[in-house]
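In terms of UniProt numbering, the sequence shown is numbered consecutively and its last residue is 127. Positions of the beta carbon are idealized from the N, C-alpha and C atoms, including for glycine. Comments concern the structure below.
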Amino acid sequence: DQITLIASGGIRTTFDVAKAIALGADGVQIGTADLVALECLRCHQCESGRGCVRGIATTDPELTDMMTVDWGTRRICNLYHAWSWQLKEILRRFGMRSIRELVGRTDTLVHLDYYNLPVDDDIRRGA
């Protein structure tokens, strides 16, 4: 209770948010998901040449005109509203009413060993 732990890096979906909270984080910081919501191409040109070809991370006036503040605001708000709804659904399935109830609840997590999962016979037969 004396420090606040914020998880960052690799937070791409609401499931990642829920996992970070269940592992003990008090909150998360997202970055790439916001950029993708703004139609980032993930081309890694943010800081080279003219900057982002989509006009997200650039100081070039021609490129900044590609995006309006209103459009960007709507996109980010849509992302956060969708994530909020999805997180509420995750909490509901756990029988929880608040995200605070999920903090540190590692018992809600399951490790999937993708290398040793049983092969479905239907898949093997091509059914």
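Report task. Helix, strand or coil for serine 84, going by three-state DSSP, please let me know. Result -> If you number the sequence shown from 1, residue 84 lands on position 84. If DSSP states are grouped into helix, strand and coil, serine 84 belongs with the helices.
Requested in this report: Name the one or two DSSP bridge partners that valine 28 has.
Outcome: Locating residue 28 in the sequence shown gives position 28, counting from the first residue. Ala7.
Report task. State the Cα-Cα distance for the pair phenylalanine 94 and valine 69, rounded to the nearest angstrom. Result -> As a working mapping, residue 94 is identified with position 94 in the sequence shown. As a working mapping, residue 69 is identified with position 69 in the sequence shown. About 37 Å.
Query raised in the report: In terms of alpha-carbon separation, which member of Glu47, Tyr114 and Ile99 lies closest to alanine 22?
Result: Against the sequence shown, residue 22 aligns to sequence position 22. Ranking Glu47, Tyr114 and Ile99 by Cα distance to alanine 22 puts Ile99 first.
Query raised in the report: Of the residues Lys88, Tyr114, Cys43 and Leu63, which one's Cα is nearest the Cα of valine 17?
Result: Residue mapping note: residue 17 aligns to position 17 of the sequence shown, counting from 1. Taking only the C-alpha atoms, the option nearest valine 17 is Lys88.
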